[in-house]
Structure formats: structure tokens, C-alpha cells
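**Student:** What follows is a structure written as C-alpha cells; I'll ask about it next.
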Amino acid sequence: MLEELGIPYDLSPVDMLKGEHKHPDYLKVHPLGALPAIEDDGGPLFESAAIIMQLADKYPEKKLAPPVGTYERGEYYQWILFAMTEMEPQLVTIAQHTRFLPEAERSTAAVTRASKRFQTVAAVLEARLKGRDFIVGNTFSAADVVLGGVLYFASLMEQLHDDLPALKAYRAHVLERPGAKTGYRG
Numbered sequence: 157m158l159e160e161l162g163i164p165y166d167l168s169p170v171d172m173l174k175g176e177h178k179h180p181d182y183l184k185v186h187p188l189g190a191l192p193a194i195e196d197d198g199g200p201l202f203e204s205a206a207i208i209m210q211l212a213d214k215y216p217e218k219k220l221a222p223p224v225g226t227y228e229r230g231e232y233y234q235w236i237l238f239a240m241t242e243m244e245p246q247l248v249t250i251a252q253h254t255r256f257l258p259e260a261e262r263s264t265a266a267v268t269r270a271s272k273r274f275q276t277v278a279a280v281l282e283a284r285l286k287g288r289d290f291i292v293g294n295t296f297s298a299a300d301v302v303l304g305g306v307l308y309f310a311s312l313m314e315q316l317h318d319d320l321p322a323l324k325a326y327r328a329h330v331l332e333r334p335g336a337k338t339g340y341r342g
């Protein structure tokens, strides 16, 4: 999102493998020690969608959010929340049970349930994206940043199947943007 805005920022990598996310200084930024988090105007802000929406609103001249009070603004909120509440939790479950939990704690049944639910949810997004380049209106918005990130995660979890051609095309289109290329590089 910062790359899409084209604003200067300082990146402070947090090495979770070294436990840096549990350091008292970082816990002041994100009390759960999770990523991402930012310090904006001297205060901490965490949760990726909250950060993205705040930045879109802070820089209205970049036009990454529809005007407040419009139908498009409602759709913008809808698809951001859809990505974060319907899609991402399924992917987190899949990641936990295939990569992060100790073998003894992994559940293939949990992966199967999450994958099935993800495919059901993805079909809704597939229908929405047929014939569209962007999720809201005819222009790129912060909602596309959120969805692009979730779909990037979905591809890592091997959840973008061949029966989702519009979703795969949308993901490729959004992630080809210069801001995404730079942001996902490092």
C-alpha cells in the first residue's frame, strides 16, 4: 500500500524466527506481536486492513478509496471485510495445519474443511470478478490491495484452482502493478 501511495516510509523488518516480534519495544506497536504494524504520526496501528484503509483515507488525493457516503464506498468496505473475514481465516487454518503447527497438532480434517470453505467463498469472488479488472468500480482501490494480498496468500496455499479463472486473472493483474511488485519483493 505504501508503494501504491508513492510516499516515503522507513521499513523496519521484524524477524519472527529470531523472536523480534516478542520484544517489549515491538509489543508496544502490536500487543500480540503479529505482523503487520505501523507507526503513523507517532502512534501504532495494526491489522493489515485497518492500516490500508487508514492510509487510503489519509491520502485522499491518491484516490484509493471511493468517496464516503457513496454506494461504491459500501462495496469497498464489503469486499475488504469479505477478504479478511471469509477468505483469510481459511488460509490461516490451512497454513497452520500444513506448515506451522508441530506434526502432532496438525489436522487433515481442519485443512479439508478450510479448503472446502475457501473454495465456496472464492466462487463468490469469482462471480464478482468476471469481466472486471477491479473489485469496486472501474478503478484500482485499496480494496484491490487487500484482495491482492489475500490472493497472494491463497496461491501460496495452493487454493487458486483451475475453476477460478477470473480470480487467477485478477490476482495476476493486481500483482503486476509496480507497487505490488516492489512490496512483495521485500
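Each step along the sequence shown adds one to the number in our numbering, with nothing skipped, and position 105 is 261. Positions of the beta carbon are idealized from the N, C-alpha and C atoms, including for glycine.
Going by alpha carbons, who is nearest to Ala193 out of Asp181, Ile207, Ala310?
**Tutor:** Per the Cα distances, Ile207.
**Student:** Closest to Lys272 by C-alpha separation, out of Ser297, Ala260, Arg284, Met313, would be which residue?
**Tutor:** Of Ser297, Ala260, Arg284, Met313, the residue nearest in Cα terms is Met313.
**Student:** Can you tell me the Cβ-Cβ gap for Leu307 and Arg327, rounded? I've got them flagged as a contact below 8 Å.
**Tutor:** Contact holds; Cβ gap of about 4 Å.
**Student:** As an exercise, report each continuous alpha helix (DSSP H) stretch of at least 4 residues that is fully enclosed by the segment 254–321, in chain order.
**Tutor:** If we require 4 residues or more, the alpha helix (DSSP H) runs fully inside the segment 254–321 come out as 264–285, 298–312.
**Student:** By the three-class DSSP mapping on this structure, what secondary structure does Ala190 have?
**Tutor:** Three-state DSSP puts Ala190 in coil, outside helix and strand.
**Student:** So the beta strand (DSSP E) Pro345 belongs to, where does it begin and stop?
**Tutor:** Since the displayed the chain opens at 157 and closes at 342, residue 345 lies outside it and no answer follows.
**Student:** Could you check whether the segment 244–263 touches the segment 285–292, counting it as contact only if at least three pairs of C-beta atoms, one from each stretch, sit closer than 8 Å?
**Tutor:** The segment 244–263, when compared against the segment 285–292, does not touch it at the 8 Å Cβ threshold.
**Student:** Is it the case that the segment 199–217 contacts the segment 261–272, given that we only count it when at least three CB pairs across the two stretches are under 8 Å?
**Tutor:** Because the criterion of three Cβ pairs below 8 Å is not met, the segment 261–272 and the segment 199–217 do not touch.
**Student:** So, does the CB of Leu323 fall closer than 9 Å to a CB anywhere in chain C?
**Tutor:** Absent from the structure: chain C. Only one protein chain is present.
**Student:** Tell me whether the beta-carbon of Glu282 lies closer than 9 Å to the beta-carbon of Leu320.
**Tutor:** Result yes, Cβ atoms of Glu282 and Leu320 sit closer than 9 Å.
**Student:** Apart from the five residues on each side of it in sequence, which residues of its chain come closer than 7 Å, Cβ to Cβ, to Gly304?
**Tutor:** So the qualifying residues of the chain are Arg327, Val330, Leu331, Ala336.
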